[in-house]
Amino acid sequence: MRFWGVVTAVVLGGVNVASSQAVTSAPAEATLYSYCTQFQGLYVEIRQQTVTPSEARLRFSQIMNGLKARFAGNGASAGAIMGADTLTPADSVSLDSLQRSGNYFVFPLRGYGPSAIGGTHGEGYRGKGFDLFDYNVRGSHPAQDIFIRDTNQDCLDDRSRQPVDILAMTSGLVLAIETGWQPGSEYRGGNWIWVYDPVMHGLFYYAHNNVVDVTPGQWVQAGQKLATMGRSGYNAYKTRSPTHLHLMYLHLLPDGLPVPRNTYSWLLTARRQ
Numbered sequence: 003m004r005f006w007g008v009v010t011a012v013v014l015g016g017v018n019v020a021s022s023q024a025v026t027s028a029p030a031e032a033t034l035y036s037y038c039t040q041f042q043g044l045y046v047e048i049r050q051q052t053v054t055p056s057e058a059r060l061r062f063s064q065i066m067n068g069l070k071a072r073f074a075g076n077g078a079s080a081g082a083i084m085g086a087d088t089l090t091p092a093d094s095v096s097l098d099s100l101q102r103s104g105n106y107f108v109f110p111l112r113g114y115g116p117s118a119i120g121g122t123h124g125e126g127y128r129g130k131g132f133d134l135f136d137y138n139v140r141g142s143h144p145a146q147d148i149f150i151r152d153t154n155q156d157c158l159d160d161r162s163r164q165p166v167d168i169l170a171m172t173s174g175l176v177l178a179i180e181t182g183w184q185p186g187s188e189y190r191g192g193n194w195i196w197v198y199d200p201v202m203h204g205l206f207y208y209a210h211n212n213v214v215d216v217t218p219g220q221w222v223q224a225g226q227k228l229a230t231m232g233r234s235g236y237n238a239y240k241t242r243s244p245t246h247l248h249l250m251y252l253h254l255l256p257d258g259l260p261v262p263r264n265t266y267s268w269l270l271t272a273r274r275q
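Sequential numbering of the sequence shown, starting at 3, is according to the numbering used here.
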């Protein structure tokens, strides 16, 4: 199976997927990048509670449906990503079929596999009650936490004594990042990354990172390094919390609003690097 084997020269809305870099000279890039800046700005407003939940939902829906239309208009398809000879609309490919392909998902921690997932059967996932738009809503955990061997909490693997790379689980567009978290901050996600997958029409959220290595507007391939494992975030920084990646996936409905989906089954079959 080849990734982007039939569209190596395609530019998706100004992002060159062959080079994985933003094409700053392309006129369309500014429009695509504007979705990144809108998303980043809105997410910060939600965190700072300077926007109402209803207004946040409306703006989020507009951003996500705009992105979907832009990628569809530029030929982004599951057929291209999965190496098919013909391009098919993203909407015609189910998430289950991507999992069955056996090559779509990459395990997001280099050198680790499913045994690193918290719990015994991924039961750490709790999607009920999740609300992305109301920062005061607590209690849900619509994510899988994936742990590394780090008994002294120095963010280094106990065996290799090296940082652990956080990898993109699928190919996609880096929408937003946070890199300025400091100990003492109440922000829960710490240094985070949001990646939009246009084939799945969904968002991957990677939280508690140390050093972030990507920028908004950048296209990343599945398995590409996004960051190094960290302990950033209000709760993740505390000594009671083992060092881990907080991985969340939000599927986008036809109205552009998000619903969490458990990534556990994808992680079990993901390629390891």
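For glycine and all other residues, C-beta sits at the position ideal for the given N, C-alpha and C.
CB contact flag (residue i, residue j, <9 Å)
| i | j | result |
| --- | --- | --- |
| Y198 | L228 | no |
| V222 | G174 | yes |
| T241 | C157 | no |
| G192 | G141 | no |
| Q275 | R161 | no |
CB-CB length for residue i against residue j, believed under 8 Å
| i | j | result |
| --- | --- | --- |
| F135 | R59 | 5 Å |
| T230 | I150 | Going by Cβ atoms, the distance from T230 to I150 rounds to 11 Å, so no, they are not a contact pair. |
| S63 | G258 | 3 Å |
| L249 | Q146 | 5 Å |
| L252 | P260 | 4 Å |
| A238 | H210 | 4 Å |
| V119 | Y266 | The amino acid occupying residue 119 in the given sequence is Ile; Val does not appear at that position. Confirmed, about 7 Å. |
Residue i, DSSP secondary structure in three states
| i | result |
| --- | --- |
| L269 | helix |
| R128 | strand |
| N212 | strand |
| P262 | strand |
| G104 | coil |
| A224 | coil |
| G174 | strand |
Range covered by the alpha helix (DSSP H) that runs through residue i
| i | result |
| --- | --- |
| V201 | It is not in any alpha helix (DSSP H) - V201 carries neither H nor E in the DSSP assignment. |
| G192 | Element bounds for G192: n/a, residue is neither H nor E. |
| I48 | 29-50 |
Start-to-end residues for the beta strand (DSSP E) that takes in residue i
| i | result |
| --- | --- |
| D167 | 167-169 |
| K240 | Taken as a continuous stretch (DSSP letters only), K240 belongs to no beta strand (DSSP E), as it is neither H nor E. |
| T230 | 227-231 |
| D147 | 146-149 |
| Y251 | 246-254 |
Contact test: residue i Cβ vs the ligand GDP heavy atom, cutoff 8 Å
| i | result |
| --- | --- |
| S142 | Of the ligands one can find in the structure shown there are none, so the ligand GDP has no counterpart to examine. |
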